[in-house]
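Novice: Here the UniProt record's numbering is used: the first residue of the sequence shown is 1, the next is one more, and so on.
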Amino acid sequence: MTPDILTVRHLIGRTDLMKIHIDEDKCVGGGQCVLAAPEVFDQRDDDGIVILLQDSPPSDLDAQVHEAALLCPALAIAVEG
Ligand code: SF4
Numbered sequence: 001m002t003p004d005i006l007t008v009r010h011l012i013g014r015t016d017l018m019k020i021h022i023d024e025d026k027c028v029g030g031g032q033c034v035l036a037a038p039e040v041f042d043q044r045d046d047d048g049i050v051i052l053l054q055d056s057p058p059s060d061l062d063a064q065v066h067e068a069a070l071l072c073p074a075l076a077i078a079v080e081g
């Protein structure tokens, strides 16, 4: 069984990790997320749909990830934490 993010945070002593979820079905491929947080988001070459490079990035990327979620016109990015 895969532990959930809260369990992982507890086990590694980190409570500052975020968890990102993307909904590829909602993505319209505009790329604002990539501009805001290129270490976390990329786009598929063929159709521009978002690719999540890391779903629990370090806390120093918090601001960029939250900006990406705010800028996403399709509301395809959800940030937990
Ligand atoms: S900003 Fe939203 S709609 Fe645009 S590529 Fe990223 S996830 Fe897709």
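Ideal Cβ positions, reconstructed from N, Cα and C, are used throughout, including at glycine.
Taking DSSP as the reference, what is the three-state secondary structure of D60?
Specialist: Helix, per DSSP.
Novice: Which value, in whole angstroms, describes the spacing of the CA atoms of D46 and I77?
Specialist: 20 Å
Novice: Hey, how far is the Cα of I51 from the Cα of D42?
Specialist: 5 Å
Novice: Who are the Cβ neighbours of G31 in its own chain at under 8 Å, not counting the five residues just before and after it?
Specialist: Q43, G48
Novice: If we ignore side chains and look at the alpha-carbon of each, how far apart do P57 and V28 end up?
Specialist: 23 Å
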